[in-house]
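For reference, the structure discussed in these notes is given below.
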Amino acid sequence: MIGETGANNGLSPCPLCENWQAYLIEIFCHLTREIEPVAMWIEDDWRLHNHGEEMGFGGCFCDVCLERFAQKTGEAADRKTVLARILAGGTPHPWRAHWLEHAKESLLEPAEKLAAALKQEAPAMRIGLMSSIPDVHSVEGRDWNRLMDLWSQGDKYLIRPHMPPYTEEPPIQTPPTYSRHTLANLDGDCDIYPELENSPRCGPYSVSHAYSVWEIQNAILYGAQGITINHFDNMGMNTYYDRDFGKALGAKREVFDALMNLELDDRKARGVKILFSPDVARHTQTANTASLDAAQMNANEGSLKDLQANSVAWSKVFYALGIAHGFTRSLEGDDILAVSDQTLRCYSDSEIETLLSRKLLLDLPSAEILVQRGFGALIGVQDIARMPLEQSAYSIEEVNATFFGELEGGVKARMCAQRCTHAIGVLHYAPGVETLSTIKNAQLDTLFPGSGLFTNTLGGTIYTTCYPLDTAQFYMAYFNRVRQEYWTKLLFKMGGAEQTIACEHPLQVHAHNLQDGISIAATNVIYDTVKRLVIKLPSSDIAGKTFQVLKKANWETIHPEISHSEDVATLQFDLEIPTLQTAFITIRK
Numbered sequence: 001m002i003g004e005t006g007a008n009n010g011l012s013p014c015p016l017c018e019n020w021q022a023y024l025i026e027i028f029c030h031l032t033r034e035i036e037p038v039a040m041w042i043e044d045d046w047r048l049h050n051h052g053e054e055m056g057f058g059g060c061f062c063d064v065c066l067e068r069f070a071q072k073t074g075e076a077a078d079r080k081t082v083l084a085r086i087l088a089g090g091t092p093h094p095w096r097a098h099w100l101e102h103a104k105e106s107l108l109e110p111a112e113k114l115a116a117a118l119k120q121e122a123p124a125m126r127i128g129l130m131s132s133i134p135d136v137h138s139v140e141g142r143d144w145n146r147l148m149d150l151w152s153q154g155d156k157y158l159i160r161p162h163m164p165p166y167t168e169e170p171p172i173q174t175p176p177t178y179s180r181h182t183l184a185n186l187d188g189d190c191d192i193y194p195e196l197e198n199s200p201r202c203g204p205y206s207v208s209h210a211y212s213v214w215e216i217q218n219a220i221l222y223g224a225q226g227i228t229i230n231h232f233d234n235m236g237m238n239t240y241y242d243r244d245f246g247k248a249l250g251a252k253r254e255v256f257d258a259l260m261n262l263e264l265d266d267r268k269a270r271g272v273k274i275l276f277s278p279d280v281a282r283h284t285q286t287a288n289t290a291s292l293d294a295a296q297m298n299a300n301e302g303s304l305k306d307l308q309a310n311s312v313a314w315s316k317v318f319y320a321l322g323i324a325h326g327f328t329r330s331l332e333g334d335d336i337l338a339v340s341d342q343t344l345r346c347y348s349d350s351e352i353e354t355l356l357s358r359k360l361l362l363d364l365p366s367a368e369i370l371v372q373r374g375f376g377a378l379i380g381v382q383d384i385a386r387m388p389l390e391q392s393a394y395s396i397e398e399v400n401a402t403f404f405g406e407l408e409g410g411v412k413a414r415m416c417a418q419r420c421t422h423a424i425g426v427l428h429y430a431p432g433v434e435t436l437s438t439i440k441n442a443q444l445d446t447l448f449p450g451s452g453l454f455t456n457t458l459g460g461t462i463y464t465t466c467y468p469l470d471t472a473q474f475y476m477a478y479f480n481r482v483r484q485e486y487w488t489k490l491l492f493k494m495g496g497a498e499q500t501i502a503c504e505h506p507l508q509v510h511a512h513n514l515q516d517g518i519s520i521a522a523t524n525v526i527y528d529t530v531k532r533l534v535i536k537l538p539s540s541d542i543a544g545k546t547f548q549v550l551k552k553a554n555w556e557t558i559h560p561e562i563s564h565s566e567d568v569a570t571l572q573f574d575l576e577i578p579t580l581q582t583a584f585i586t587i588r589k
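In UniProt numbering, the protein residues as written are 1 to 589.
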């Protein structure tokens with residue numbers, strides 16, 4: 001493999017190398033004969049990225065790959081020319097699509113050969129795929145379902161999605177977004193076995209037992225049938241120094257079984273739906289201004305990493321705010337949709353109009369794309385510019401009292417704006433937009449709108465905000481109690497069917513529709529114990545229902561305190577939830 005930098009690390013083979021393909025088939029078939037496994041996992045290095053820093057981001061530019069690529073373009077070119085055209089700024093160069101098609105084929109071809117050989121060797125053995133981050137796989141042109149069809153050969157898909165992190169990090173910032181995004185890419189029925197590769201690496205010095213239990217519970221909550229555990233650390237020590245690891249998991253087995261009986265399916269997740277496209281890398285526009293002249297192209301001026309999107313950034317926002325949500329590729333439905341980064345570049349004008357006839361949440365880049373494409377009138381935005389902090393001294397975001405009300409003592413609801421982004425969006429709203437918040441400086445002078453809500457001529461309800469997501473010091477400034485209450489009010493104001501939101505304490509929420517009701521799981525992801533659990537959802541969802549809570553693997557009836565306001569029910573449960581513990585509740589007839 002020759003990296004995008006021109007380097008060869010001496011270790012990584014080109015996936016089209018016939019010698020490597022023959023070697024891999026020989027080794028995997030040997031393992032199959034000797035071990036007779038029930039299933040064989042294909043390692044997640046079945047990819048073109050992450051093969052050494054000196055190689056750059058990913059992709060192979062060896063002579064074989066460049067020759068194959070030339071057959072698609074009809075023009076021979078060296079590595080620098082290929083990169084320059086793939087990464088050119090503005091509307092993607094036609095070579096981008098050809099390159100992603102080539103990348104896809106370079107992984108599908110050896111997959112087909114290996115799968116055929118393994119099925120011949122052991123017809124009953126299942127083949128499963130390990131994977132990593134879907135937006136990264138998009139840069140490889142991955143066709144998820146075609147690849148899984150090759151491995152499964154007519155069986156149910158067997159998938160081990162990436163389940164971060166490998167070492168213990170603040171749980172409020174490490175939700176299972178990538179795992180759920182992976183599953184949303186798959187059309188077929190799946191057996192889901194996410195990875196748990198952390199604790200055996202270094203024992204409790206890496207990840208506590210409680211953290212591992214939490215990750216397993218999260219996996220069950222998005223539909224996992226089991227877990228994939230790496231039993232050996234990097235030195236082959238097994239769990240020698242962590243003799244209590246198995247006991248810690250075993251102690252929770254009855255709870256796991258009780259949850260498994262709910263047969264949860266992430267395709268039935270409640271709440272906001274995050275729209276994404278597996279093909280986002282094909283449409284992403286880079287900031288690369290390098291000349292297409294190979295003589296002027298320097299390998300350090302661009303990387304295939306420039307094509308990596310942040311297409312499900314809303315998920316981390318919603319997890320931190322206790323907002324139940326799911327993932328979708330569908331443009332149809334009645335749910336509130338959320339889009340971020342450059343996702344909207346994936347859709348035609350007619351598809352955009354379909355989206356704009358719905359309830360839609362737009363981050364700043366999404367609104368910019370729509371204005372650029374001439375849809376400003378349908379989102380209530382006449383123009384957008386970005387304003388650096390040093391030019392405007394923006395400081396706070398003040399929520400309008402007509403939308404939010406006032407805090408006790410007549411205090412205005414305010415949030416920090418300064419640390420959320422390097423350059424903030426200045427949205428010039430059209431008449432008819434309800435301004436929800438306003439950006440002000442430290443002297444409380446009004447600068448420009450912070451967010452707004454607009455009903456367009458297509459019947460759509462469109463929310464716009466001045467922030468890009470997950471940039472600068474986003475996790476330092478964006479999240480606070482006012483922000484949580486702001487989003488709760490916003491989603492129910494927009495007509496939040498199936499919204500399920502935890503209030504008063506930072507909780508990660510999973511909520512699903514069951515055949516006869518609803519399941520809700522709320523996990524405490526900070527170090528203060530929850531004193532009571534408060535959940536808001538539509539009043540219609542609880543009419544005539546009974547409530548049960550899981551206690552020591554048994555479902556017990558519980559009677560929450562219930563109040564109603566404008567078709568929104570507030571449920572207060574007398575439950576304490578310690579750190580990394582979860583309250584599991586069902587609402588059924």
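Virtual Cβ for every residue (Gly too), placed ideally from N, Cα, C.
For residue i, which option in the options has the closest C-alpha, if you only look at C-alpha atoms?
i: L196; options: D189, F232, L186; result: F232
i: C416; options: R483, A210, I25; result: R483
i: G302; options: R79, G409, A553; result: R79
i: G52; options: A7, H93, A76; result: A7
i: A219; options: V207, H162, A251, S208; result: H162
i: residue 595; options: E169, E26, L453, T465; result: Outside the shown range of the chain, which is 1 to 589, sits residue 595, and nothing can be said about it.
i: T464; options: M130, K359, A117; result: K359
i: Y527; options: L83, K551, T446, P171; result: P171
i: V136; options: V280, G74, Y166; result: V280
i: L575; options: T586, H559, L533; result: L533
i: L364; options: L355, L458, L344, T228; result: L344
i: L331; options: S277, R146, G3; result: S277
i: G452; options: F404, I229, K589; result: F404
i: F57; options: R160, L114, R282, Q308; result: Q308
i: R243; options: E254, P13, S208; result: S208
i: L304; options: A477, Y157, M55, H510; result: M55
i: W46; options: L24, A39, F61, K589; result: L24
To the nearest whole angstrom, what separates the beta carbons of residue i and residue j, a pair I think is in contact under 8 Å?
i: N507; j: G322; result: Residue 507 is actually Leu in this sequence, not Asn. Confirmed, about 5 Å.
i: S563; j: G460; result: Not quite, the Cβ-Cβ distance comes to about 31 Å (not below 8 Å), so this is no contact.
i: I35; j: M130; result: Between M130 and I35 the Cβ distance is about 18 Å, and since that is not below 8 Å, they are no contact.
i: G326; j: A269; result: 3 Å
i: V433; j: A413; result: Rounded, the Cβ-Cβ distance is 20 Å, inconsistent with contact.
i: V530; j: H559; result: So it is not a contact: roughly 18 Å between Cβ atoms.
If you draw a straight line from the C-alpha of residue i to the C-alpha of residue j, how long is it?
i: A497; j: D335; result: 7 Å
i: N50; j: K489; result: 42 Å
i: I379; j: T455; result: 8 Å
i: Y222; j: Y319; result: 14 Å
i: T91; j: C346; result: 12 Å
i: L370; j: S350; result: 13 Å
i: K493; j: W487; result: 10 Å
i: A294; j: S340; result: Below a pLDDT of 50, predicted positions are generally treated as unreliable, and A294, at 43, falls in that range; the measurement from the model is reported next regardless. Cα-Cα distance, rounded: 33 Å.
i: residue 604; j: A313; result: As displayed, the chain neither begins before 1 nor continues past 589, which places residue 604 out of reach and without an answer.
i: I396; j: P449; result: 11 Å
i: E109; j: A76; result: 22 Å
i: D383; j: G250; result: 58 Å
i: N310; j: T582; result: 28 Å
i: R85; j: P94; result: 8 Å
i: F584; j: N261; result: 13 Å
i: A553; j: E263; result: 15 Å
i: S291; j: D306; result: Unreliable placement is indicated for S291, whose pLDDT of 44 sits below 50; the coordinate value is still reported in the next sentence. Going from the Cα of S291 to the Cα of D306 covers about 16 Å.
i: A299; j: Y429; result: A caution first: A299 carries a pLDDT of 42, below 50, which makes its placement in the model unreliable, though a value can still be read off. Approximately 41 Å, taken between the alpha carbons.
i: E105; j: L355; result: 32 Å
i: D63; j: A338; result: 42 Å
i: L11; j: F28; result: 19 Å
i: Y193; j: Y157; result: 11 Å
Please confirm whether any heavy atom of the ligand ZN lies closer than 7 Å to the CB of residue i.
i: L362; result: This structure does not include the ligand ZN; it has no bound ligands of any sort.
Please report the residue range of the alpha helix (DSSP H) in which residue i lies.
i: N9; result: Where N9 is concerned, there is no enclosing alpha helix (DSSP H), given that its DSSP letter is neither H nor E.
i: G376; result: 376 to 379
i: M260; result: 253 to 260
i: W314; result: 313 to 320
Under DSSP, the beta strand (DSSP E) around residue i begins and ends at which residues?
i: R414; result: 414 to 416
i: A430; result: Element bounds for A430: n/a, residue is neither H nor E.
i: N218; result: First-last for N218: 209 to 221, but that is the alpha helix (DSSP H), not the beta strand (DSSP E).
i: R160; result: 157 to 160
i: I42; result: 39 to 42
Contact between the region 536 to 547 and the region 557 to 568 (3+ Cβ pairs under 8 Å): The answer is yes - the region 557 to 568 touches the region 536 to 547, with three or more Cβ pairs under 8 Å.
Cβ contact (3+ pairs, closer than 8 Å) linking the region 388 to 406 and the region 417 to 428: yes
Segment contact flag, the region 100 to 117 with the region 127 to 145, C-beta cutoff 8 Å, min 3 pairs: yes
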